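*Asks:* Submitted below is the structure of interest, expressed as structure tokens.
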Amino acid sequence: MIKLSQVTKIYELKDSTVTAVKNVDMNINKGQIFGIIGYSGAGKSTLIRLLNGLETPTKGTIMVANREINHISGRELRKARQEIGMIFQHFNLLWSRTVEENISFPLEIAGMSKKERSKIVKELIKLVGLEGREKAYPSQLSGGQKQRVGIARALANKPKVLLCDEATSALDPQTTDSILELLVDINQKLGLTIVLITHEMHVIRKICHRVAVMEDGEVVEEGNVLDVFENPEQPMTKRFVNQVIEPESSNEMIENLLSQHPEGKVIQLTFVGDTAEMPLITNVIRKFDVNFNILQGKVSQTHGGAVGTMFVHVDGDIKEVEQAIQYIRQQKVKAEVLSHE
Ligand SMILES: Nc1ncnc2c1ncn2[C@@H]1O[C@H](COP(=O)(O)OP(=O)(O)OP(=O)(O)O)[C@@H](O)[C@H]1O
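Position 271 of the sequence shown, counting from 1, maps to 271 under the UniProt record's numbering, and the rest follow consecutively.
Below, the structure is given as structure tokens:
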């Protein structure tokens with residue numbers, strides 16, 4: 001659906017140049033939720049402006065929905081842009097228009113009749129869960145509701161791609177979750193390809209299939225979300241993964257756990273998808289005659305299962321303990337028995 005080949009964007013300033021995006025290759029398949037993560041200045045916004053044709057690359061090609069977006073202009077570019085919806089951190093709504101008038105706006109520009117517009121607006125309001133708020137003005141809505149209007153408006157022209165620019169960064173955690181759920185719902189119902197840029201790894205964890213990590217204009221790592229969580233290669237990726245996992249597995253902490261539990265075994269469990277942590281623990285306790293205590297850790301849910309690290313203490317007959325560890329390993333969970341340095 002989207003293909004970037006060797007895309008570079010250089011801004012020429014008065015007496016210097018800034019390379020905002022450098023030699024980026026990217027392939028985003030139809031129906032994928034693709035996350036681009038990076039800290040401020042990494043080049044994410046520039047990349048998203050390149051995707052919707054607001055910027056032209058200094059070098060390279062950008063294909064969106066079978067159109068080479070950087071080599072078209074005028075009518076052709078406007079048509080291509082209709083295939084791309086966009087939502088923003090600060091919603092960018094028209095404050096003097098009601099919810100339904102905001103959603104209707106792109107359809108008016110496209111020259112659609114009032115009757116057709118009102119049918120589509122009604123469907124969109126239902127899709128984003130804003131029934132009953134049609135006549136409200138943006139100032140009368142919560143942040144989450146405003147973003148729902150933004151999403152409905154972005155979908156009005158039936159785009160093939162939805163670009164999300166830090167779409168949940170201004171929202172509280174609960175509202176963030178409900179907007180992310182809505183994006184997954186839309187992705188599944190409409191088969192829409194979603195590209196989102198963010199600096200928050202938990203957004204990637206919750207809904208993305210693939211992720212690209214950007215640093216200084218370059219994509220330093222790219223992969224399936226679960227693979228990246230399991231095996232982050234670049235230091236920047238490790239920093240982002242730690243935002244979510246936070247195992248705090250310092251030597252000092254491990255030494256502490258070991259000296260607090262001289263009997264039995266202290267085990268570090270690493271979850272990398274597929275297996276849910278709670279059923280696993282229940283099964284171990286049911287199947288084996290061992291004492292099993294969770295000491296600490298953080299495990300989060302992703303699209304493909306649980307990811308994270310948990311430290312547990314297992315005590316009992318040595319044979320039972322060994323069998324319990326073997327059982328855990330059979331469930332595709334890494335189990336490392338910790339020992340003093
Ligand atoms: N129009 C512009 N003119 C000159 N330099 C620019 C322009 N837009 C972006 N830059 C520079 O390009 C680099 C990448 O910026 P960009 O906004 O794409 O990063 P970002 O990852 O989106 O960060 P943020 O989340 O803070 O916007 C920065 O050094 C920025 O100063």
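Just so you know, even glycine gets a beta-carbon here, dropped at the ideal spot from N, CA and C.
None of the values given here were measured: they were computed from a predicted structure.
Just the C-alpha distance for Gly53 and Lys79, rounded to the nearest angstrom, thanks.
*Replies:* 11 Å
*Asks:* When burial is assigned at 16 or more other CB atoms within 10 Å of the CB, is Asp185 buried or exposed?
*Replies:* exposed
*Asks:* Helix, strand or coil: how does DSSP classify Arg78 here?
*Replies:* helix
*Asks:* Under 7 Å from any heavy atom of ligand 1, does the C-beta of Ala167 make it?
*Replies:* no
*Asks:* Can you confirm whether the segment 211 to 219 touches the segment 55 to 70 when touching is taken to mean that 3 or more C-beta pairs between the two stretches lie within less than 8 Å?
*Replies:* no
*Asks:* The beta strand (DSSP E) that contains Gly60, what's its start and end?
*Replies:* 59 to 64
*Asks:* With contact counted as at least three CB pairs below 8 Å, one residue from each stretch, are the segment 180 to 200 and the segment 159 to 171 in contact?
*Replies:* yes
*Asks:* Would you mind sorting residue 355 into buried or exposed? The rule is 16 or more other CB atoms within 10 Å of its CB.
*Replies:* Residue 355 cannot be examined here, being either before or after the span of the chain that is shown, 1 to 341.
*Asks:* Just the Cα atoms here: how many angstroms apart are Glu55 and Gly35?
*Replies:* 20 Å
*Asks:* Taking 6 Å as the limit between beta carbons, can you name the residues of its chain near Gly150, skipping five residues before and five after?
*Replies:* Ile87, Phe91
*Asks:* With three or more beta-carbon pairs closer than 8 Å as the criterion, would you say the segment 220 to 229 touches the segment 289 to 298?
*Replies:* no
*Asks:* Give the single residue among Ala324, Lys14, Met26, Gln301 whose Cα lies nearest to the Cα of Asn291.
*Replies:* Ala324
*Asks:* Alpha carbon to alpha carbon, what distance is there between Leu338 and Pro262?
*Replies:* 11 Å
*Asks:* Nearest CA to the CA of Phe311: which residue from Val321, Leu258, Ile109, Asp289?
*Replies:* The candidate whose alpha carbon is nearest that of Phe311 is Leu258.
*Asks:* For Val18, is the beta carbon positioned less than 7 Å from some heavy atom of ligand 1?
*Replies:* Answer for Val18: yes, Cβ within range of ligand 1.
*Asks:* Looking only at its chain, what residues have a beta carbon closer than 6 Å to the beta carbon of Lys206, apart from the 5 residues adjacent to it on each side?
*Replies:* Answer for Lys206: Leu180, listed in chain order.
*Asks:* Using beta-carbon positions only, say whether Thr282 and Val333 come within less than 8 Å of one another.
*Replies:* no
*Asks:* Ordered along the chain, which non-local residues of its own chain (more than five positions away) have a Cβ less than 8 Å from that of Glu233?
*Replies:* Glu221
*Asks:* Between Ile125 and Ile103, what straight-line distance do the alpha-carbon atoms span, to the nearest angstrom?
*Replies:* 8 Å
*Asks:* What residue does the beta strand (DSSP E) around Ser300 start on, and which one ends it?
*Replies:* 290 to 302
*Asks:* Does the separation of the CB atoms of Ala152 and Leu183 fall below 8 Å?
*Replies:* no
*Asks:* At a cut-off of 7 Å, is residue 399 close to ligand 1 when judged by its beta-carbon and the heavy atoms of the ligand?
*Replies:* For the chain, the structure presents residues 1 to 341; residue 399 sits outside this window and is missing.
*Asks:* Measure from the alpha carbon of Arg239 to the alpha carbon of each residue in Val211, Met201, Ile62, then state which is nearest.
*Replies:* Met201
*Asks:* Based on Cα-Cα distance, which residue from Asn256, Phe288, Pro173, Val219 lies nearest to Asn27?
*Replies:* Checked all of Asn256, Phe288, Pro173, Val219; the closest Cα to Asn27 is Val219.
*Asks:* To the nearest angstrom, report how far apart Thr17 and Thr275 are at their CA atoms.
*Replies:* 49 Å
*Asks:* Could you check where the alpha helix (DSSP H) with Arg49 kicks off and where it finishes?
*Replies:* Here the alpha helix (DSSP H) through Arg49 covers 44 to 51.
*Asks:* Report buried or exposed for Glu277, applying the criterion of at least 16 other Cβ atoms within 10 angstroms of its Cβ.
*Replies:* buried
*Asks:* From what residue to what residue does the alpha helix (DSSP H) around Met278 run?
*Replies:* 277 to 287
*Asks:* Which ranges does the alpha helix (DSSP H) cover as unbroken runs of at least 4 residues, wholly within the segment 69 to 132, from first to last along the chain?
*Replies:* 74 to 82, 99 to 109, 114 to 127
*Asks:* Do Thr19 and Gly60 come within 8 Å of each other at the CB atom, strictly closer than that value?
*Replies:* No, they are not a contact pair.
*Asks:* Which value, in whole angstroms, describes the spacing of the CA atoms of Ser300 and Val244?
*Replies:* The straight-line gap from Cα to Cα measures roughly 8 Å.
*Asks:* Run the CB neighbour count on Asn256, radius 10 Å, all protein chains shown included, and call it buried at 16 or more, exposed below.
*Replies:* exposed
*Asks:* In terms of residue numbering, what span does the beta strand (DSSP E) encompassing Gly223 cover?
*Replies:* Going by DSSP, Gly223 is part of the beta strand (DSSP E) stretching over 218 to 224.
*Asks:* Please report the straight-line C-alpha distance between Ile318 and Gln188, rounded to a whole angstrom.
*Replies:* 48 Å
*Asks:* State the start and end residues of the unbroken beta strand (DSSP E) segment that holds Thr56.
*Replies:* From DSSP, Thr56 is part of no beta strand (DSSP E); its letter is neither H nor E.
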